[in-house]
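So the protein lines, in turn, are chains A and B.
Following this note's numbering, the numbering of the first sequence begins with 349 at its first residue and continues without gaps.
Following this note's numbering, the numbering of the second sequence begins with 52 at its first residue and continues without gaps.
Ideal placement from N, C-alpha and C gives every residue a C-beta, glycine not left out.
Scroll down for the structure; my scribbles are underneath it.
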Amino acid sequence: GQQVMQIPQYQHVQEGEDFTTYCNSSTTLSNIQWYKQRPGGHPVFLIQLVKSGEVKKQKRLTFQFGEAKKNSSLHITATQTTDVGTYFCAGHPWGNNRLAFGKGNQVVVIP
Amino acid sequence: DGGITQSPKYLFRKEGQNVTLSCEQNLNHDAMYWYRQDPGQGLRLIYYSQIVNDFQKGDIAEGYSVSREKKESFPLTVTSAQKNPTAFYLCASSALGGVDYEQYFGPGTRLTVT
Numbered sequence: 349g350q351q352v353m354q355i356p357q358y359q360h361v362q363e364g365e366d367f368t369t370y371c372n373s374s375t376t377l378s379n380i381q382w383y384k385q386r387p388g389g390h391p392v393f394l395i396q397l398v399k400s401g402e403v404k405k406q407k408r409l410t411f412q413f414g415e416a417k418k419n420s421s422l423h424i425t426a427t428q429t430t431d432v433g434t435y436f437c438a439g440h441p442w443g444n445n446r447l448a449f450g451k452g453n454q455v456v457v458i459p
Numbered sequence: 052d053g054g055i056t057q058s059p060k061y062l063f064r065k066e067g068q069n070v071t072l073s074c075e076q077n078l079n080h081d082a083m084y085w086y087r088q089d090p091g092q093g094l095r096l097i098y099y100s101q102i103v104n105d106f107q108k109g110d111i112a113e114g115y116s117v118s119r120e121k122k123e124s125f126p127l128t129v130t131s132a133q134k135n136p137t138a139f140y141l142c143a144s145s146a147l148g149g150v151d152y153e154q155y156f157g158p159g160t161r162l163t164v165t
């Protein structure tokens, strides 16, 4: 069953504003990965977090892995039209070598 | 893109026919995966292979079959037993099948069965 949950499932964001998308797991994860899928495209790897409490930044994107390694977040500042797409988190539950994807957060940017 | 090719991009079939989707990678990756994507459902794992001549069922393997005769190739057959085959199919690969490796996705094949 679904082990990784993402909220919200849809977001409409005004260009220039900030937004956050969340990823929660019922079990402890060995790591978390984030992917972005543009409309009509395929998922592209963004980043991987491994350590408890880890924070990584990529320009306007900030990724965080929770202390308990059960949740993660992606925060985007000063949203641009190029940020449109679906953001997926994917985690590896401990003892399981299969990646469990969330259902994604579809982001629409309003110019 | 990313050294993984899937063909064709769009595929149309009549109900009751088997169809095989191609996936080839030149990344020298050991692990390969097939996912199915439906609107609002995220990515669901169909089959995966960590080494040549070996593969395992994913979460929704019923009605599908795969083979891994070569490291570079991991074709997926959608059989007539698959009750709702219309979907977007994505192939992916990673360096190894372990937990620390990012997956590289192909451009996908959109299958429509009528």
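C-beta neighbour in chain A for residue i, strict 8 Å
i: residue 156(B); result: yes
i: residue 179(B); result: There is no way to answer for residue 179(B), as the model of chain B reaches only from 52 to 165.
i: residue 151(B); result: yes
i: residue 159(B); result: yes
Minimum Cβ-Cβ distance from residue i to chain B less than 8 Å
i: residue 446(A); result: yes
i: residue 450(A); result: yes
i: residue 391(A); result: yes
i: residue 396(A); result: yes
i: residue 359(A); result: no
i: residue 381(A); result: yes
i: residue 456(A); result: no
Under 8 Å between C-beta atoms of residue i and residue j
i: residue 429(A); j: residue 459(A); result: yes
i: residue 57(B); j: residue 72(B); result: yes
i: residue 396(A); j: residue 381(A); result: yes
i: residue 450(A); j: residue 353(A); result: yes
i: residue 422(A); j: residue 368(A); result: yes
i: residue 139(B); j: residue 391(A); result: no
i: residue 161(B); j: residue 65(B); result: no
i: residue 55(B); j: residue 144(B); result: yes
i: residue 398(A); j: residue 412(A); result: no
i: residue 427(A); j: residue 457(A); result: yes
i: residue 372(A); j: residue 418(A); result: yes
i: residue 238(B); j: residue 88(B); result: With chain B represented from 52 up to 165, any question about residue 238(B) goes unanswered, as that position is not in the structure.
i: residue 351(A); j: residue 374(A); result: yes
Residue range of the beta strand (DSSP E) that includes residue i
i: residue 73(B); result: 70 to 76
i: residue 165(B); result: Here residue 165(B) belongs to no beta strand (DSSP E), and DSSP marks it neither H nor E.
i: residue 325(A); result: Shown here, chain A extends from 349 to 459; a query on residue 325(A) therefore has no answer.
i: residue 98(B); result: 93 to 102
i: residue 453(A); result: 453 to 458
Members of the segment 71 to 99 of chain B near chain A, C-beta cut-off 9 Å: Result list: 84, 86, 88, 91, 92, 93, 94, 95, 96, 99.
Contact between the segment 118 to 128 of chain B and the segment 78 to 87 of chain B (3+ Cβ pairs under 8 Å): Taking 8 Å as the limit for Cβ pairs, the verdict is that the segment 78 to 87 of chain B does touch the segment 118 to 128 of chain B.
Against chain B: residues of the segment 403 to 428 of chain A by CB proximity under 8 Å: Interface annotation for the segment 403 to 428 of chain A against chain B: empty, criterion Cβ-Cβ distance under 8 Å.
Chain-ordered residues of the segment 365 to 379 of chain A with a beta carbon less than 7 Å from chain B: Against chain B - using a Cβ distance shorter than 7 Å - the residues of the segment 365 to 379 of chain A are 378, 379.
Interfacial residues, the segment 117 to 141 of chain B to chain A, with Cβ spacing under 7 Å: Here the close residues are 141.
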